[in-house]
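I have placed the structure first, in the form of structure tokens, so that the comments after it can refer back to it.
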Amino acid sequence: MNQAQKQAFDELQARIDAQAQKDFGPEVVERWQNPPFMGRMKDCQAMACAAGSCGNSISIYLKFENRHIAEITFFSEGCGSSVVCASMLCELARGRNLEQALELGADDVMKALPGLPAAKKKYALLAVKALHQAALSLSGKENTDE
29 MNQAQKQAFD ELQARIDAQA QKDFGPEVVE RWQNPPFMGR MKDCQAMACA
79 AGSCGNSISI YLKFENRHIA EITFFSEGCG SSVVCASMLC ELARGRNLEQ
129 ALELGADDVM KALPGLPAAK KKYALLAVKA LHQAALSLSG KENTDE
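Structure representation (structure tokens):
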């Protein structure tokens, strides 16, 4: 890439970033560009994957300590909205016990991401479904006492 192409690319990227900030707000853009909690956890105690009709999927990985979610990560095979919703859900769920994790819903995720359009709620629902499936897989197991 020559210097002129690089400069044109950088200018275009700056315009895209500015428009994304305007459309979605800084919280959504930051989570999309640098998603905390993203990654597959190899030594998890529970994991579940939920797939949407759009082709996106979100996997949630859990590790417990003293009956509370000590570590939580996600992996998304989908759009930026899936990544943003899964990341926020992980933040909301960390530190909660199983019952509290099961009380989290898509509205909680959407409320925490005020810049995300209501039409993207389906991705919050997908993330919540994966979390609930992972939490329910452990609901009667002893290994959450570690």
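Numbers given in our numbering equal positions in the sequence shown, counted from 1, plus 28. Think of the CB as a built atom: it goes at the ideal place given N, C-alpha and C, for glycine as much as any other residue.
Item checked: 7 Å CB neighbourhood of residue 69 in its chain, flanking five on each side removed -> 89, 91, 99 and 101
Notebook entry, point to check: Could you give the residue range of the alpha helix (DSSP H) that holds residue 77?
Noted result: Not the alpha helix (DSSP H): residue 77 falls in the beta strand (DSSP E), residues 74 to 79.
Margin query: If you follow the alpha helix (DSSP H) that residue 149 is in, where does it begin and where does it stop?
Written below: 149 to 166
Note to self: Excluding the 5 residues flanking residue 110 on each side, which residues of the same chain have their C-beta closer than 7 Å to its C-beta?
What the structure shows: 84, 86, 104, 151 and 154
Checklist line | First and last residue of the uninterrupted beta strand (DSSP E) at residue 98 | finding: 96 to 105
Item checked: Other residues of its chain near residue 80: CB distance less than 6 Å, five sequence neighbours each side excluded -> 154
Next item on the list: Using alpha carbons as the reference points, say which of 108, 145, 96 and 139 lies closest to residue 125.
Entry: 96
Notebook entry, point to check: Can you tell me whether DSSP reads residue 66 as helix, strand or coil?
Noted result: strand
Margin query: With H, G and I counted as helix, E and B as strand and the rest as coil, what does DSSP make of residue 141?
Written below: coil
Next item on the list: Along the beta strand (DSSP E) that carries residue 126, what are the first and last residues, could you check?
Entry: No beta strand (DSSP E) holds residue 126; the alpha helix (DSSP H) holding it covers 126 to 131.
Checklist line | Beta carbon of residue 54 nearer than 9 Å to that of residue 143 | finding: yes
Check: Expressed to the nearest angstrom, what Euclidean distance is found between the alpha-carbon atoms of residue 29 and residue 49?
Finding: 27 Å
Notebook entry, point to check: Can you tell which of 147, 61 and 141 has the C-alpha that lies nearest to the C-alpha of residue 108?
Noted result: 61
Notebook entry, point to check: Can you check whether the CB of residue 157 is closer than 9 Å to the CB of residue 113?
Noted result: no
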